[in-house]
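There are 2 protein chains.
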Amino acid sequence: MKFKLEVTDSHTKARAGEITTDHGVIQTPIFMPVGTAGSVKAVHQRELENDIKAQIILGNTYHLYLRPGLSTLEMAGGLHKFNGWEKPILTDSGGYQVYSLSGVRKIKEEGVTFRSHIDGSKHLFTPEGVMDTQRIIGADIIMAFDECTPYPCEYGYARRSMEMTHRWLKRCCDHFDQTQPKYGYSQTLFPIVQGSVYKDLRKQSAEMIASFEREGNAIGGLSVGEPAEDMYEMTEIVCDILPSDKPRYLMGVGTPVNILENIALGIDMFDCVMPTRNARNGMLFTKNGIINIKNERWKNDFSPIEEDSDLFADRNYSKAYLRHLAHSNEILGSQIATLHNLHFYIWLVSEARAKIIEGTFNEWKNKMVKQVAQRL
Amino acid sequence: MKFKLEVTDSHTKARAGEITTDHGVIQTPIFMPVGTAGSVKAVHQRELENDIKAQIILGNTYHLYLRPGLSTLEMAGGLHKFNGWEKPILTDSGGYQVYSLSGVRKIKEEGVTFRSHIDGSKHLFTPEGVMDTQRIIGADIIMAFDECTPYPCEYGYARRSMEMTHRWLKRCCDHFDQTQPKYGYSQTLFPIVQGSVYKDLRKQSAEMIASFEREGNAIGGLSVGEPAEDMYEMTEIVCDILPSDKPRYLMGVGTPVNILENIALGIDMFDCVMPTRNARNGMLFTKNGIINIKNERWKNDFSPIEEDSDLFADRNYSKAYLRHLAHSNEILGSQIATLHNLHFYIWLVSEARAKIIEGTFNEWKNKMVKQVAQRL
Numbered sequence: 001m002k003f004k005l006e007v008t009d010s011h012t013k014a015r016a017g018e019i020t021t022d023h024g025v026i027q028t029p030i031f032m033p034v035g036t037a038g039s040v041k042a043v044h045q046r047e048l049e050n051d052i053k054a055q056i057i058l059g060n061t062y063h064l065y066l067r068p069g070l071s072t073l074e075m076a077g078g079l080h081k082f083n084g085w086e087k088p089i090l091t092d093s094g095g096y097q098v099y100s101l102s103g104v105r106k107i108k109e110e111g112v113t114f115r116s117h118i119d120g121s122k123h124l125f126t127p128e129g130v131m132d133t134q135r136i137i138g139a140d141i142i143m144a145f146d147e148c149t150p151y152p153c154e155y156g157y158a159r160r161s162m163e164m165t166h167r168w169l170k171r172c173c174d175h176f177d178q179t180q181p182k183y184g185y186s187q188t189l190f191p192i193v194q195g196s197v198y199k200d201l202r203k204q205s206a207e208m209i210a211s212f213e214r215e216g217n218a219i220g221g222l223s224v225g226e227p228a229e230d231m232y233e234m235t236e237i238v239c240d241i242l243p244s245d246k247p248r249y250l251m252g253v254g255t256p257v258n259i260l261e262n263i264a265l266g267i268d269m270f271d272c273v274m275p276t277r278n279a280r281n282g283m284l285f286t287k288n289g290i291i292n293i294k295n296e297r298w299k300n301d302f303s304p305i306e307e308d309s310d311l312f313a314d315r316n317y318s319k320a321y322l323r324h325l326a327h328s329n330e331i332l333g334s335q336i337a338t339l340h341n342l343h344f345y346i347w348l349v350s351e352a353r354a355k356i357i358e359g360t361f362n363e364w365k366n367k368m369v370k371q372v373a374q375r376l
Numbered sequence: 001m002k003f004k005l006e007v008t009d010s011h012t013k014a015r016a017g018e019i020t021t022d023h024g025v026i027q028t029p030i031f032m033p034v035g036t037a038g039s040v041k042a043v044h045q046r047e048l049e050n051d052i053k054a055q056i057i058l059g060n061t062y063h064l065y066l067r068p069g070l071s072t073l074e075m076a077g078g079l080h081k082f083n084g085w086e087k088p089i090l091t092d093s094g095g096y097q098v099y100s101l102s103g104v105r106k107i108k109e110e111g112v113t114f115r116s117h118i119d120g121s122k123h124l125f126t127p128e129g130v131m132d133t134q135r136i137i138g139a140d141i142i143m144a145f146d147e148c149t150p151y152p153c154e155y156g157y158a159r160r161s162m163e164m165t166h167r168w169l170k171r172c173c174d175h176f177d178q179t180q181p182k183y184g185y186s187q188t189l190f191p192i193v194q195g196s197v198y199k200d201l202r203k204q205s206a207e208m209i210a211s212f213e214r215e216g217n218a219i220g221g222l223s224v225g226e227p228a229e230d231m232y233e234m235t236e237i238v239c240d241i242l243p244s245d246k247p248r249y250l251m252g253v254g255t256p257v258n259i260l261e262n263i264a265l266g267i268d269m270f271d272c273v274m275p276t277r278n279a280r281n282g283m284l285f286t287k288n289g290i291i292n293i294k295n296e297r298w299k300n301d302f303s304p305i306e307e308d309s310d311l312f313a314d315r316n317y318s319k320a321y322l323r324h325l326a327h328s329n330e331i332l333g334s335q336i337a338t339l340h341n342l343h344f345y346i347w348l349v350s351e352a353r354a355k356i357i358e359g360t361f362n363e364w365k366n367k368m369v370k371q372v373a374q375r376l
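Chains A and B supply the protein sequences, listed in that same order.
The first sequence: position 205 = 205 (full-length UniProt numbering), numbered continuously.
The second sequence: position 85 = 85 (full-length UniProt numbering), numbered continuously.
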């Protein structure tokens, strides 16, 4: 993986850059649609590429490990071959899902034992095992195995958890560096800064993570329920420490406003289920604000979902039609809303990139954070 | 509407023809994908047009009447404008759903009172009202209001029901002929032959229906649970009576074999939920037989869903990937399987048409009915 820092904004800490992987180039800042079980829900791979213009998607190690399972993924030749997405993929480490989805789980120094949310079967994730798993899935960018602390989190627990995450990182790196990619293209490992909402812990963790000198760095444990101001404060502290010549990935963030504010603090990569999950509940993000398409207000609004959009679904379907589909629980409603939201998220980050390059990012961002947060 | 009978097969009663509506031409024999509530479930309108190559879709009056409702449909300018499908549409009369979906219902000479399956509200469908409703929905081809008898059905009930359907037809025609289309393009009304599985009733009904001299005729009350041989026997009796210079529509049929056998008996138009509904349960129809994609057998079969298909989804996704999506209840699984099945159904009828024109239909049909019924 290569990262080229192209432009740093002079009014904010925003950056425009370019990541090169063996599956292609990613222009940053970027948003990565979440493809939990190897599918970005309700959209075809060709729609992701041609209509949404996604440059990289995310897969969840926990889900893929359980289903279809490693033997199928390995026989397929990795996730790219399995799902037919030939551009870059990033996988998380499975940690987040082990803590949030699995019923019984036990965290020890060795790793985490948990029960599958599908069939109750018992499994063990260790730092070494998760590296092997992500070698088999074959994503271009893979993540270290960490503990993602909940919010709120007592200081003592946050510190001990962070220290264990650092020890696990050492094990991840050692194992990763001793193993080879399986499918002839290279993989890179990103470590994850933890430390909850405690400044000293975040600082300490960022310094530790930077010292591993990997090709990119991530920030985890945010967007878990803390106030947005706390999130921005943590991001700022961490970004000031993480090296500027490597991409910075803020995991699981967030609303359009969160994304714009964090770009201004120096984040290059984002992922979040919000555009896809909320789409399936009828919430549309637009450049003029948020639409609950189920509202009575749209019942007889036959104007296109978004008039001046270059997305076919925005132009070809009306708000009234989409409202009808949402109320009727029609699958097409989820398809249209998901296309719309992902297209908007990708538009938002690519527009941010253009403004950074142009030198007008700050002004534009200050206008947009007001606009996109409105309820229409 | 115009119908041009192009070729009649010399070995069977199969026909190739062309229906011209104000929304375009339909080459027969044709299969019409079912778009219950104004959406063919899990496919975009552009996919219907470009990938599936549907020439006409069906809408359900019962569903559309309840949701989005007539005032929205009228304000939109009809269903074509509402859902963005600009090719021909056919609507059923709502009768079938009133009998099958609605809880409480009461059939009287005047019409049928029923309760909505959505909110329990009470409604009355009469022959005249259903004509008005279908004027508002604005389909190119609309259907008479009939009673679709269940199977099995006692002779006396079948006869009385058929006679009422005939009286209702008179009221439908009178009302239809006294009203005008609402949106500047023409609509045509098809009457429906009933009579359950009784030869004398079917003959009597077909003669009565033919005597109305509408532009096309339909056969209802089949594919409701009777043995396939009974269905074919009824179709044959009816087709021998219905005029050959008008299209014949067999409602709600059926499996690929049913479609081929009924084409051989002189049917021109079909609709059925089977390709769409069964797709959502993981059943794929192919030219080589039926696949239950959830079976263990496909777990590690990384070959394309259908190698030599011109459908992107057949070539871009593997059987193993589709199996994984079906087991994971991923929406994309329904999308892919629906695309596949509808593409196959449309291929099947267009191939039948080509063979009729070529003069090789009978031989081809006899081979295909064996092939498509196999379990793979």
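The beta carbon of each residue, even a glycine, is placed where N, CA and C say it ideally should be.
Backbone secondary structure at residue i - three-state DSSP
{"i": "B/Q97", "result": "helix"}
{"i": "A/M164", "result": "helix"}
{"i": "A/N60", "result": "coil"}
{"i": "A/G35", "result": "coil"}
{"i": "A/L201", "result": "helix"}
{"i": "B/I336", "result": "helix"}
{"i": "A/K365", "result": "helix"}
{"i": "B/T235", "result": "helix"}
{"i": "B/K41", "result": "coil"}
{"i": "B/G225", "result": "coil"}
{"i": "B/F285", "result": "strand"}
{"i": "A/R46", "result": "helix"}
{"i": "B/L90", "result": "strand"}
{"i": "A/F312", "result": "helix"}
{"i": "A/F344", "result": "helix"}
{"i": "B/L242", "result": "coil"}
One or two residues paired with residue i in a DSSP bridge
{"i": "B/T20", "result": "B/K2, B/V25"}
{"i": "A/S318", "result": "A/P304"}
{"i": "A/Y249", "result": "A/A218, A/M269"}
{"i": "B/I107", "result": "B/V112"}
{"i": "B/R375", "result": "B/I290"}
{"i": "residue 427 of chain A", "result": "In the structure as shown, chain A starts at 1 and stops at 376, and residue 427 of chain A therefore has no counterpart that could be examined."}
Contact with chain A by residue i, beta-carbon distance below 8 Å
{"i": "B/E49", "result": "no"}
{"i": "B/K53", "result": "no"}
{"i": "B/K299", "result": "yes"}
Within chain A, partners of residue i - CB distance below 7 Å
{"i": "B/I331", "result": "K41, A42, I331, S334"}
{"i": "B/R67", "result": "H324, H327, S328"}
{"i": "B/N83", "result": "Y321"}
{"i": "B/L37", "result": "The question names Leu, yet the displayed sequence has Ala at residue 37 of chain B. What B/A37 touches in chain A: S328, E330."}
Beta-carbon neighbours of residue i, restricted to chain B and to distances below 9 Å
{"i": "A/Q178", "result": "Chain B residues near A/Q178: none, gap ~29 Å exceeds 9 Å."}
{"i": "A/H343", "result": "The premise fails here: A/H343 is roughly 14 Å from chain B at the closest Cβ pair, so nothing lies under 9 Å."}
{"i": "A/M234", "result": "Result: empty, since nearest Cβ-Cβ is about 34 Å, beyond 9 Å."}
CB contact check: residue i to chain B, cutoff 8 Å
{"i": "A/Y317", "result": "yes"}
{"i": "A/T72", "result": "yes"}
{"i": "A/S328", "result": "yes"}
{"i": "A/Y321", "result": "yes"}
{"i": "A/G24", "result": "no"}
{"i": "A/F212", "result": "no"}
{"i": "A/F312", "result": "yes"}
Buried versus exposed, by CB contacts within 10 Å (16 or more), residue i
{"i": "A/P68", "result": "buried"}
{"i": "B/Q371", "result": "exposed"}
{"i": "A/L124", "result": "exposed"}
{"i": "B/D146", "result": "buried"}
{"i": "B/E229", "result": "exposed"}
{"i": "B/S121", "result": "exposed"}
heavy atom of the ligand ATP below 7 Å from residue i C-beta
{"i": "B/E236", "result": "Because no ligand of any kind appears in the structure shown, any question about the ligand ATP cannot be addressed here."}
Interface partners of residue i on chain B, CB under 7 Å
{"i": "A/A285", "result": "It is worth fixing the name first, because residue 285 of chain A is Phe in this sequence and not Ala. By Cβ distance, chain B contributes nothing, its closest Cβ being about 19 Å from A/F285, past 7 Å."}
{"i": "A/A269", "result": "Strictly speaking, residue 269 of chain A in this sequence is Met, with Ala absent from that position. What A/M269 touches in chain B: nothing, since even the nearest Cβ is about 24 Å away."}
Residue i: contacting residues in chain A (beta-carbon distance under 9 Å)
{"i": "B/A76", "result": "N300, F302, S318, A320, Y321"}
{"i": "B/Q45", "result": "N316, Y317, L332"}
Beta-carbon neighbours of residue i, restricted to chain A and to distances below 8 Å
{"i": "B/F190", "result": "Ordered by position in chain A, no residue passes the 8 Å Cβ test against B/F190, which lies about 26 Å from the chain."}
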